[in-house]
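These notes are about the structure you will find just below.
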Amino acid sequence: MQLANIQEIAKLAGVSSATVSRVINNRDYVSEETRKRVQTIIDKLDYVPNINAVSLKKGATKLIGMVIPSFTDSLNVFLKSFTMMAQEHGYNVTLFMTRIDPDKELEALEMLRQKQIDALVLVIRSNDWKTIEHYTKYGPIVTWQRVESEKIPSVFMNQYDGYTLALEHLYAKGYRKFVNVYGNTTGLNTQSRMLAFKDFCARYELDPHEFRQFYGQGSRQDGEKIAHWWSETEHKPDAFLTPNDYFAAGLLTEARRLGYSVPEDFAICGFDNMEVAHLLDITTIHYPVNLQAENAFTLIMNQLFGSNLPLLDLDFHLVERKTT
Numbered sequence: 001m002q003l004a005n006i007q008e009i010a011k012l013a014g015v016s017s018a019t020v021s022r023v024i025n026n027r028d029y030v031s032e033e034t035r036k037r038v039q040t041i042i043d044k045l046d047y048v049p050n051i052n053a054v055s056l057k058k059g060a061t062k063l064i065g066m067v068i069p070s071f072t073d074s075l076n077v078f079l080k081s082f083t084m085m086a087q088e089h090g091y092n093v094t095l096f097m098t099r100i101d102p103d104k105e106l107e108a109l110e111m112l113r114q115k116q117i118d119a120l121v122l123v124i125r126s127n128d129w130k131t132i133e134h135y136t137k138y139g140p141i142v143t144w145q146r147v148e149s150e151k152i153p154s155v156f157m158n159q160y161d162g163y164t165l166a167l168e169h170l171y172a173k174g175y176r177k178f179v180n181v182y183g184n185t186t187g188l189n190t191q192s193r194m195l196a197f198k199d200f201c202a203r204y205e206l207d208p209h210e211f212r213q214f215y216g217q218g219s220r221q222d223g224e225k226i227a228h229w230w231s232e233t234e235h236k237p238d239a240f241l242t243p244n245d246y247f248a249a250g251l252l253t254e255a256r257r258l259g260y261s262v263p264e265d266f267a268i269c270g271f272d273n274m275e276v277a278h279l280l281d282i283t284t285i286h287y288p289v290n291l292q293a294e295n296a297f298t299l300i301m302n303q304l305f306g307s308n309l310p311l312l313d314l315d316f317h318l319v320e321r322k323t324t
């Protein structure tokens, strides 16, 4: 069956196409009698406006794109918080999963250029910033990552401060033989944590070379393997600073399976304050990902409408539980 259009509705109602358009868009200058007559025909024909045409005419799609590499727990928190904020303001979110493929990310950027979305959030980028900056003339682009750009605002939080909180907490509790477990060494977050540890050692006149370091870690399985390493090593450290709560959970549960007690045998401090840390009573650093997401939406609104809405204050804080 051929779909109805505005011209057909206008002919059946005995009015102009402009009048039908006013009824559809709930505009003034239409009598109540005419409005009812047109609406009756619209309902009878089951007419649905062409969203793409409406968006093109209004210059807005009410869609915001979000680029992520994959699903992780912290990214899920960001996505959920951002989507809820967007929906409260009449926007929907279109997801682009890139798996760090630059071409996939370019598809999202091209949609911004073609006005198929109003703005774009790059949670984790794939292309270089210079390439991405080129697209800022087509609409707002905001990122979760650290970037030095006047064109791309960021909600990045320097993890130096959060990691320092963890170090100071363990030191205050009397732990001295730390193990630092880091993620990808090329990542800015890992580099910030490594710098925090270096400065911590300088502050307390400690030799950083006396502390064991692990790199490229992050999964629950990685944590389980480190528990076995601790069990077998001769000079046992007394505390672990972990890259995230899932590594901490793997370390904790495997240590208990091996017959050890935490924090009696060694302490564990996680990072992120995910649900698993709450369930297992893991001391951790709270990372306000949900508030970062809300700030990302606010930055987009400020750019779209030239407003100056205030951003939320973001801080790391220690959540002390039973593993330290």
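Reminder that position 50 of the sequence shown reads as 50 in the UniProt record's numbering, one-by-one numbering, no gaps. All residues carry an ideal CB built from backbone N, CA and C; glycine is no exception.
Name, in chain order, the residues that DSSP records as bridge partners for residue i.
{"i": "Leu63", "result": "Asn92"}
{"i": "Cys269", "result": "Leu241"}
{"i": "Phe214", "result": "Val181"}
{"i": "Val142", "result": "Val121"}
{"i": "Thr284", "result": "Val319"}
{"i": "Met97", "result": "Ile68"}
{"i": "Ser154", "result": "Thr143"}
Mind reading off the beta-carbon distance from residue i to residue j? Whole number of angstroms is fine, and I expect it under 8 Å.
{"i": "Ile86", "j": "Phe240", "result": "Looking at the sequence itself, residue 86 is Ala, so the reference to Ile does not match. Not really, about 38 Å apart at Cβ, beyond 8 Å."}
{"i": "Lys177", "j": "Pro237", "result": "4 Å"}
{"i": "Ile285", "j": "Asn295", "result": "Not really, about 19 Å apart at Cβ, beyond 8 Å."}
Using alpha carbons as the reference points, say which of the options lies closest to residue i.
{"i": "Tyr138", "options": "Val155, Gln116, Lys130, Leu251", "result": "Gln116"}
{"i": "Met194", "options": "Thr136, Tyr215, Glu110, Gly174", "result": "Tyr215"}
{"i": "Leu312", "options": "Val319, Leu304, Arg321, Val289", "result": "Val289"}
{"i": "Leu63", "options": "Asp161, Thr83, Arg99, Glu105", "result": "Thr83"}
{"i": "Arg257", "options": "Phe247, Asp245, His228", "result": "His228"}
{"i": "Leu304", "options": "Pro69, Glu33, Ala60", "result": "Ala60"}
{"i": "Thr190", "options": "Gly162, Glu210, Glu275", "result": "Gly162"}
{"i": "Tyr287", "options": "Glu133, Leu318, Ile68", "result": "Leu318"}
{"i": "Tyr47", "options": "Asn5, Tyr175, Glu32, Asp28", "result": "Asn5"}
{"i": "Lys11", "options": "Gly306, Asn26, Leu45, Glu264", "result": "Leu45"}
{"i": "Phe247", "options": "Glu264, His89, Ile226", "result": "Ile226"}
So, for residue i: in the same chain, excluding its five sequence neighbours on each side, which residues have a beta-carbon less than 6 Å away from its beta-carbon?
{"i": "Asn180", "result": "Phe197, Gln213, Leu241"}
{"i": "Ala13", "result": "Arg37, Val38, Ile41"}
{"i": "Met157", "result": "Leu314"}
{"i": "Leu188", "result": "Arg146"}
{"i": "Lys173", "result": "Thr324"}
{"i": "His169", "result": "Leu318"}
Just to confirm before moving on: does the CB-CB distance between residue i and residue j stay below 7 Å?
{"i": "Ile268", "j": "Thr233", "result": "no"}
{"i": "Asn127", "j": "Pro153", "result": "no"}
{"i": "Met66", "j": "Val121", "result": "yes"}
{"i": "Leu112", "j": "Tyr91", "result": "no"}
{"i": "Ser21", "j": "Gln7", "result": "no"}
{"i": "Asn71", "j": "Leu165", "result": "First, the residue type needs correcting, since residue 71 is Phe and not Asn in the sequence shown. Cβ atoms of Phe71 and Leu165: not closer than 7 Å."}
{"i": "Pro49", "j": "Ile24", "result": "yes"}
{"i": "Ile300", "j": "Ala119", "result": "yes"}
{"i": "Ser192", "j": "Tyr160", "result": "yes"}
{"i": "residue 366", "j": "Ala293", "result": "Outside the modelled stretch of the chain, which goes from 1 to 324, sits residue 366, for which no answer is possible."}
{"i": "Thr94", "j": "Glu105", "result": "no"}
{"i": "Phe200", "j": "Leu167", "result": "yes"}
Could you name the residues of the same chain whose beta carbon sits closer than 7 Å to that of residue i, not counting the 5 residues immediately before and after it, in chain order?
{"i": "Gln221", "result": "Gly250"}
{"i": "Leu280", "result": "Ala249, Leu252"}
{"i": "Pro243", "result": "Val181, Tyr182, Gly183, Gln217, Gly218, Phe271"}
{"i": "Arg321", "result": "Asp281, Ile282, Thr283"}
{"i": "Val30", "result": "Thr19, Arg22, Val23"}
{"i": "Val15", "result": "Thr34, Val38"}
{"i": "Ser149", "result": "Trp129, Glu133"}
{"i": "Ile100", "result": "Pro69, Ser126"}
{"i": "Tyr175", "result": "Asp238, Ala239, Ala267"}
{"i": "Pro263", "result": "Thr323, Thr324"}
Apart from the five residues just before and just after residue i, which ones in its own chain have a Cβ nearer than 8 Å to its Cβ?
{"i": "Phe266", "result": "Trp230, Lys236, Pro237, Asp238, Ala239, Phe240, Ala255, Tyr260"}
{"i": "Asn302", "result": "Asn308, Leu309"}
{"i": "Trp144", "result": "Phe78, Val121, Leu122, Val123, Ile124, Ser154, Val155, Phe156, Gln292, Ala296"}
{"i": "Phe96", "result": "Gly65, Met66, Val67, Ile68, Lys104, Glu105, Glu107, Ala108"}
{"i": "Asp207", "result": "Cys201"}
{"i": "Arg203", "result": "none"}
{"i": "Ser74", "result": "Asn244, Asp272, Met274, Tyr287, Val289"}
{"i": "Asp28", "result": "Arg22"}
Does chain D have any CB closer than 7 Å to the CB of residue i?
{"i": "Pro140", "result": "Absence of chain D from the displayed structure is noted, only one protein chain being present."}
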